[in-house]
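*Asks:*
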Amino acid sequence: MNKTLLLFLFICMKSFSQNTEYIERQGEVTFFSYTSVENIQAKNSQTLSILNPKTRQIAVQILMRAFVFQKSLMHEHFNASYIESDLYPKATFEGEIENFNANDALQTKLIKGTFTLRNISKPIEIKATISKADNSYTIKGSLDVLINDYNIKVPALLSPNISKKIEITFNFNYAPYEN
Amino acid sequence: MISQKHRNIIYVTVGCVLCLGFYLATATLCLHDMRKAPTYKHISTERLIHKYDNATLSHLVEKVIEIDGTLKAVHTKNEKFTLYLSHKKSKTYVLCELHKDEIHKIPHLKIGDKILVKGILKGHLLDIILLNCIII
Numbered sequence: 444m445n446k447t448l449l450l451f452l453f454i455c456m457k458s459f460s461q462n463t464e465y466i467e468r469q470g471e472v473t474f475f476s477y478t479s480v481e482n483i484q485a486k487n488s489q490t491l492s493i494l495n496p497k498t499r500q501i502a503v504q505i506l507m508r509a510f511v512f513q514k515s516l517m518h519e520h521f522n523a524s525y526i527e528s529d530l531y532p533k534a535t536f537e538g539e540i541e542n543f544n545a546n547d548a549l550q551t552k553l554i555k556g557t558f559t560l561r562n563i564s565k566p567i568e569i570k571a572t573i574s575k576a577d578n579s580y581t582i583k584g585s586l587d588v589l590i591n592d593y594n595i596k597v598p599a600l601l602s603p604n605i606s607k608k609i610e611i612t613f614n615f616n617y618a619p620y621e622n
Numbered sequence: 009m010i011s012q013k014h015r016n017i018i019y020v021t022v023g024c025v026l027c028l029g030f031y032l033a034t035a036t037l038c039l040h041d042m043r044k045a046p047t048y049k050h051i052s053t054e055r056l057i058h059k060y061d062n063a064t065l066s067h068l069v070e071k072v073i074e075i076d077g078t079l080k081a082v083h084t085k086n087e088k089f090t091l092y093l094s095h096k097k098s099k100t101y102v103l104c105e106l107h108k109d110e111i112h113k114i115p116h117l118k119i120g121d122k123i124l125v126k127g128i129l130k131g132h133l134l135d136i137i138l139l140n141c142i143i144i
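Protein sequence lines correspond, in order, to chains F and C.
In my numbering, each residue carries its 1-based index in the first sequence increased by 443.
In my numbering, each residue carries its 1-based index in the second sequence increased by 8.
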């Protein structure tokens, strides 16, 4: 009897102590600016994200200086003039996955939350594909960001080179977070 | 007499060789730049994490630094390789994303090795992030 009780307690404790959070330290975020004059692409492979399948919450932090451009001059303009990375080093997203089922192998869901860039927060909705394999999750999706929404000022001379609408794609692979 | 078709083939071949040469020269130059770039500061992983904990990292952002520390893990994703350096039981890592020309050194690395890495410090999130790293 005592052994059964102990086993029951052990199973209960084990299930309660299981990780409820998942982490991605090397998330990939890519942005694209398409214009007839020039196409600009930059990739950040060091994005941080934490997913809590129980609460359906997701948080993302992007280090703006960690975007890699094809040309170093683009990197310089991006950080110094447009984003002002010294003042606003990170972009963040905090949101919740609607109707998320933590056990589904594959699902397409809407993530609603707040995206903050240059200290300006805007509500956004992202359609994302979420897959589960063993003890990991993958979330992929894309969204469009209008540069005017975040008060990003482009000099008139360079205006034809930078799209007003920036396309952002992301790919996060989460593993259990042992904190 | 060379026909127009052969001329076109020659032009395309020369163009491809020039493009390849330019690409290789640029790639080599970038790596050499990091090797030759003057080191702003040499610092241990322990000291760097201490600076992070005390929010005194900002003066090192966008600087070329050399870090010595213990290799805790090597992660790969989409052909990007990142070395995880840490100190003892610290939960904070120093993440060094390797320059693509350094990838051939990975099979020679062992977890627990003491290594010296040079790269550009970009800032921090949960961990401290360096890009364009080389192993020296």
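Virtual Cβ for every residue (Gly too), placed ideally from N, Cα, C.
Just the chain C side, please: which residues come within less than 7 Å of F/L506 by C-beta, in chain order?
*Replies:* Within 7 Å Cβ-Cβ: K130, G131, L133 and I137.
*Asks:* Does any CB atom of chain D fall closer than 9 Å to the CB of C/L103?
*Replies:* Protein chains in the displayed structure are F and C, and chain D is not among them.
*Asks:* Counting C-beta neighbours from all protein chains within 10 Å, is the total for F/L589 16 or more, i.e. buried, or is it exposed?
*Replies:* Answer is exposed; the Cβ neighbour count stays below 16.
*Asks:* Less than 9 Å separating the beta-carbons of F/S515 and F/I605?
*Replies:* No, Cβ-Cβ distance for F/S515 and F/I605 is not below 9 Å.
*Asks:* Tell me, please, whether the CB atom of C/T116 is closer than 9 Å to any CB atom in chain F?
*Replies:* Strictly speaking, residue 116 of chain C in this sequence is His, with Thr absent from that position. By this cut-off, C/H116 is not an interface position.
*Asks:* Counting only Cβ pairs nearer than 8 Å, list the residues of chain F close to C/E70.
*Replies:* Chain F residues near C/E70: R508.
*Asks:* Can you give me the C-alpha to C-alpha distance between F/K596 and F/F521, rounded to a whole angstrom?
*Replies:* Distance between the alpha carbons of F/K596 and F/F521: 11 Å.
*Asks:* I need the boundaries of the alpha helix (DSSP H) containing C/H58, first residue and last residue.
*Replies:* C/H58 -> alpha helix (DSSP H) spans T53 to D61.
*Asks:* Mark C/G77 as exposed unless 16 or more other C-beta atoms lie within 10 angstroms of its C-beta, in which case mark it buried.
*Replies:* Flag for C/G77 reads buried.
*Asks:* First and last residue of the beta strand (DSSP E) that includes F/L516?
*Replies:* F/L516 -> not in any beta strand (DSSP E); alpha helix (DSSP H) instead, spanning S515 to H520.
*Asks:* Buried or exposed: F/E467, going by 16 or more other Cβ atoms within 10 Å of its Cβ?
*Replies:* Looking at its Cβ environment, which holds 16 or more other Cβ atoms inside 10 Å, F/E467 is buried.
*Asks:* I need the straight-line Cα distance from F/L494 to C/K44, nearest angstrom please.
*Replies:* Their Cα atoms are separated by approximately 41 Å.
*Asks:* Closest by CA to F/K552, which one among F/N546, F/L506, F/A576 and F/N542?
*Replies:* Of the listed residues, the one whose Cα sits closest to F/K552 is F/N542.
*Asks:* How many Å lie between F/Q500 and C/Y19 at the Cα?
*Replies:* Going from the Cα of F/Q500 to the Cα of C/Y19 covers about 57 Å.
*Asks:* Can you say whether F/V480 is buried or exposed, counting buried as having 16 or more other CB atoms within 10 angstroms of its CB?
*Replies:* With fewer than 16 Cβ atoms within 10 Å of its Cβ, F/V480 is classed as exposed.
*Asks:* Please confirm if C/K97 has its CB atom under 9 Å from at least one CB of chain F.
*Replies:* No, its Cβ sits nowhere closer than 9 Å to a Cβ of chain F.
*Asks:* Quick one: does the C-beta of C/I142 sit closer than 8 Å to a heavy atom of the ligand GDP?
*Replies:* Of ligands this structure carries none, so the ligand GDP is not represented either.
*Asks:* List, in order along the chain, the chain F residues whose C-beta lies closer than 8 Å to that of C/K85?
*Replies:* Chain F residues near C/K85: Q469, E471, S488 and N616.
*Asks:* In chain order, what are the residue ranges of uninterrupted beta strand (DSSP E) at least 3 long that sit wholly in the segment 492–545 of chain F?
*Replies:* Those beta strand (DSSP E) runs which fall completely within the segment 492–545 of chain F and span 3+ residues are 500–506 and 533–540.
*Asks:* Return no unless some Cβ of chain C is closer than 9 Å to the Cβ of F/L491.
*Replies:* Taking Cβ atoms only, chain C reaches closer than 9 Å to F/L491, which makes this a yes.
*Asks:* Tell me the DSSP secondary structure of C/H112 in three-state form.
*Replies:* Correct three-state label for C/H112: helix.
*Asks:* Taking DSSP as the reference, what is the three-state secondary structure of C/L126?
*Replies:* First, the amino acid is wrong: residue 126 of chain C is Lys here, not Leu. Strand, per DSSP.
*Asks:* Just the chain C side, please: which residues come within less than 7 Å of F/P532 by C-beta, in chain order?
*Replies:* Within 7 Å Cβ-Cβ: G131.
*Asks:* At a Cβ threshold of 9 Å, is C/K44 touching chain F?
*Replies:* So, not an interface residue.
*Asks:* If you run the structure through DSSP and keep just helix, strand and coil, what is C/I17?
*Replies:* C/I17 falls in the helix class under three-state DSSP.
*Asks:* Hey, F/S579 and F/P619: beta-carbon distance below 9 Å or not?
*Replies:* Contact flag set, yes.
*Asks:* Give a yes or no on whether the minimum CB-CB distance between C/K88 and chain F is below 9 Å.
*Replies:* Yes, contact with chain F.
*Asks:* Within a Cβ cutoff of 6 Å, which residues of the same chain sit near C/K59, ignoring the five residues on either side of it in sequence?
*Replies:* Taken in chain order, the residues that qualify are L65.
*Asks:* Would DSSP call F/P566 helix, strand or coil?
*Replies:* Strand, per DSSP.
*Asks:* Buried or exposed: where does F/E471 fall if 16 or more other Cβ atoms within 10 Å of its Cβ makes it buried?
*Replies:* Buried, because 16 or more other Cβ atoms sit within 10 Å of the Cβ of F/E471.
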